[in-house]
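Take a look at the structure below.
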Amino acid sequence: MKGYFTFVLHSHLPYVINHGEWPHGMDWLYEAAAETYLPLLNEFNALVSDGISPNLTIGITPILAEQLNSPKFKAGFKNYLDQKIEAAQDNQLEFQKTKNKHLESLAVFWEKYYEKIKQDFLETYQTDLIRGFRELQDGNHLEIITCAATHGYFPLLGNDEAIDAQVRVGKETYRKHFGRDPKGIWLPECAYRPSYEWQSPIADYPKSFSRQGVEEFLFKYDIQYFIVDKHLIMGGEGKGVYIDRFDSLKQLWNQFEKSWKPSALDDTRSIYQNYLVSSTGTSRAAVAYGRHEESALQVWSGEYGYPGDGRYLDFHKKHYPGGHRFWKVTSAKADLADKQEYHPQDVEDALENQAAHFAGLVRDYVSANHDKSGTAGMLTAPFDTELFGHWWFEGPRWLGKVLRKLNATAELSMLPLAAHLRDNPPQVSVSLPEGSWGQGGFHYIWLNKWTEWTWKHIYAAEDRMTELADRYSNTEDTAIERILNQRARELLLLESSDWQFLISTWSARDYAENRVAVHDNHIADLDEMLQKYIDNHELENGDEKKLAKFEETDSVFEDVDFRYWCSLETGE
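The numbers in the sequence shown follow our numbering, run straight up by one, and end at 580.
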């Protein structure tokens, strides 16, 4: 045996319940469930039925788990599936009239696809997708890791109390849904920040203070490991994972690149090795695993990655009404007008050959490392879960084929990261630079001329949250607790890194900007409500109704306590 391998899948969507349906809102959640989460559950369970444990590591963010467990999602998802089935039936009648036999057959394909998804959702999983993943973990077939509560971007959050609360709520929500504590965490956007004297990047909100390293918060909550991009461990240039998909990011990158230089490569380190990370030189540390960039690009790259094969279903071109897709990628350069009709039977050879190619790559990389170093290294392959199924329709089947082939490979062992760490503790302690898995490895996707205004509001809301938490930490007044607990929920939702990402990519810019405004306005209303209550010693009828409405609209993290935002003591 020459080494180890694991996929690390990161499953995440921002909170959309009660915040829109189509084109932005609940349909995002329904699409991901129908195209990614259910197909992956089916693929994993098929492997287990054949005696093969997937042995991968999958992250389910706390805010996604809350949504998938929501009664509103479960009822709405069934209605969504019924609509997709009805649309496919309507498409069949439409294509019969135009005498397009092939498109008619594809409409039948979609009808059967969504009927099967509906049956699995209602019967196989009893509408409980979270339980489906939990049972796989309980059966020791895979590992589930956590994330920050709402995917807040750690290096840019404005105080340590905000990061502490994101990690704490993330861990508690994981325990609620999965019945145990997490061993690992996916840092939002794989973004890490060491301990240092931090200065606000926002000119309109100046502040500076000595900040804790991200690993110190993980140590505090007994989270053992996290994943970072290759360049944080090895130096060099971060290749990014999103830039091929969004032209606006290429524009931002061109601006950022002019004033940025990559760090020098460190040939004393290995991407196949885990490292104990401490930016303070103390025991307040956590373990980092690095992304294997070369194998990842074979899947991520829009230019030469597997999903760009012309035979696969095209993501962008859709038929209305109904939104079903009937066209294939055709070629990397084909525009929507040039897309040709999709032929499902043509993808089988592509899936088989590309799964064999990737499994061979993994085997070769692991073997080469073993031959060079004499050690059995870990090849870590992180991806956004939604790539498999949503962006790349055939992705779940490809993943299943890869796992089957790797399971039969004598040269390596598939292990989730916690199992690997248990038997392979790090031998070297290091400090890491600040960075993410965005192109260039820094923050420009989340902090730029288009998003700077959002951070001013976030910083003000965070600092006020800590001030109020300190002031009322000993209160037993249930009205104050309700107001401040809801304020905490609104702050967590305001901190989501998705808003800056959607603004920067222009993929749902208006929606994201509105969501920042909505949660910031809710916070302002709650602050005013609190002051009126303190002054008048009663919650006015109008304020009671408004508070109840906020609690209903943003009803996540039911056990959150505003005291989580109290000022941290030094070293806490």
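Using N, Cα and C, we set each Cβ at its ideal position, and we do this for glycine too.
Looking at the DSSP output, V285 bridges to A294 and V438. Annotation: the continuous beta strand (DSSP E) that includes Q207 extends over Y204 to Q207.
Using a Cβ distance threshold of 9 Å, D562 and Q494 count as a contacting pair. In the DSSP assignment, F217 forms a beta bridge with W206.
By the Cβ neighbour-count rule, T290 is exposed, with fewer than 16 other Cβ atoms within 10 Å of its own. In this structure, the alpha-carbon of N77 lies about 46 Å from that of G382.
Here W458 carries a coil assignment [DSSP, helix/strand/coil].
Of E180, D168 and I235, the smallest CA-CA separation from S218 is found for D168. In terms of CA proximity to W118, Q91 leads the group Q91, W399, E180 and W206. An exposed status is given to D275, since fewer than 16 other beta-carbon atoms sit within 10 Å of its beta-carbon. Around the Cβ of T483, a 10 Å sphere holds fewer than 16 other Cβ atoms; the residue is exposed. A Cβ-Cβ separation of about 16 Å leaves W399 out of contact with L359 under the 8 Å criterion.
Between A516 and P31, the alpha-carbon positions lie close to 9 Å from each other.
Annotation for W194: the continuous beta strand (DSSP E) segment containing it runs G192 to W194.
Counting other Cβ atoms within 10 Å of its Cβ, H110 stays below 16 and is therefore classed as exposed.
Within the region 387–433, the runs of alpha helix (DSSP H) at least 4 residues long that lie entirely inside it are, in chain order, 403–415 and 425–431. Inter-residue distance for P62 and I279 is about 23 Å (C-alpha atoms, whole angstroms).
When the beta-carbon positions are compared, V524 and T474 stay at least 9 Å from each other.
Collapsing the DSSP output to three states places V568 in coil. The region 287–301 and the region 226–238 touch, with three or more beta-carbon pairs separated by less than 8 Å. Straight through space, the alpha carbons of L195 and K120 are spaced by roughly 38 Å. The beta-carbon separation of G160 and S504, rounded to 7 Å, stays under the 8 Å limit for a contact. Exclusion of the five residues before and after L305 leaves no residue of its chain whose Cβ lies closer than 6 Å to its Cβ. By the Cβ test, the region 367–386 is in contact with the region 416–426, since at least three Cβ pairs between them sit closer than 8 Å. In the DSSP assignment, F13 falls outside any alpha helix (DSSP H) and within the unbroken beta strand (DSSP E) covering G11 to S19. By the neighbour-count criterion, in which 16 or more other beta carbons inside 10 Å mark a residue as buried, K336 falls on the buried side. Taking all protein chains shown into account, Y204 has fewer than 16 neighbouring C-beta atoms within 10 Å of its C-beta and is therefore exposed. In the three-state scheme derived from DSSP, where H, G and I count as helix and E and B as strand, R495 is classed as helix. When the beta-carbon positions are compared, L429 and E470 stay at least 9 Å from each other. Within the region 307–383, the complete alpha helix (DSSP H) segments at least 4 residues long are 355–381, listed from N- to C-terminus.
DSSP lists T388 as the bridge partner or partners of R299. Scanning I66, A54 and D485 for the CA closest to the CA of Y541 turns up D485. Residue pairing by DSSP places S563 in no beta bridge whatsoever. Annotated as proximal: A477 and L492, with beta-carbon spacing under 9 Å. Inter-residue distance for H378 and R371 is about 11 Å (C-alpha atoms, whole angstroms). Between the region 16–33 and the region 55–71, the count of C-beta pairs closer than 8 Å reaches three or more; the two stretches touch.
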